[in-house]
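One structure is given here, and the rest of the page talks about it.
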Amino acid sequence: MKKRICLVLLILAIITTVVFAGGQGEGPSEPKRYKIGVVVPTLNAQFWNNYVDFMKTGAEELGVDLVVLNCDNKADLLPKHIEDLISQGVDGMIIVPYWAGDKKALRDTRDAKIPLIFTDVYSKVQPQDSDYPNYIAF
């Protein structure tokens, strides 16, 4: 239950960051539908399937489009998926930085100005580090 609450809070944190960083002062318009990219290490484990199912439920309730990419336990897919999500124009990214993937994720999302959240694996870089202000939470 605690993990579910934390995941919903993480999704809300990304949405809040994107909303307040974006165009304020514009007139009334159609509300933007946000797209959050998620990268998981595998979908061959029940834990990650439950994780993704929960995120899909939360995203649906919040009106967020969720793009889930599976590394299928292949280290070389993580950097590719990070690049793919950036090229798709996601508004935020939640990844599990296995295989020392935190550095590329931190650099690439910072350069693309995309809020980033890590789950399950810590990085040596702390959230809100001055070099990576887009890294908002673990």
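In this text, residue positions in the sequence shown follow the numbering used here: the first is 113, and each later residue adds one.
Think of the CB as a built atom: it goes at the ideal place given N, C-alpha and C, for glycine as much as any other residue.
Self-check item: TYR244 in three-state terms, based on DSSP
Solution: coil
Quiz item: So, are the CB atoms of THR221 and ASN185 less than 7 Å apart?
Solution: no
Self-check item: Residue range of the unbroken beta strand (DSSP E) whose run includes ILE226
Solution: Unbroken run through ILE226: none, as it is neither H nor E.
Exercise. Taking only the alpha-carbon atoms, compute the straight-line gap between ILE206 and VAL150 and give it to the nearest angstrom.
Key: 5 Å
Exercise. Can you grab the Cα-Cα spacing for the pair GLN158 / LYS144, in whole Å?
Key: 33 Å
Quiz item: Going straight from the alpha carbon of GLY175 to that of SER199, what length do you get?
Solution: 22 Å
Quiz item: Does the distance from the C-beta atom of LEU228 to that of TYR247 stay below 7 Å?
Solution: yes
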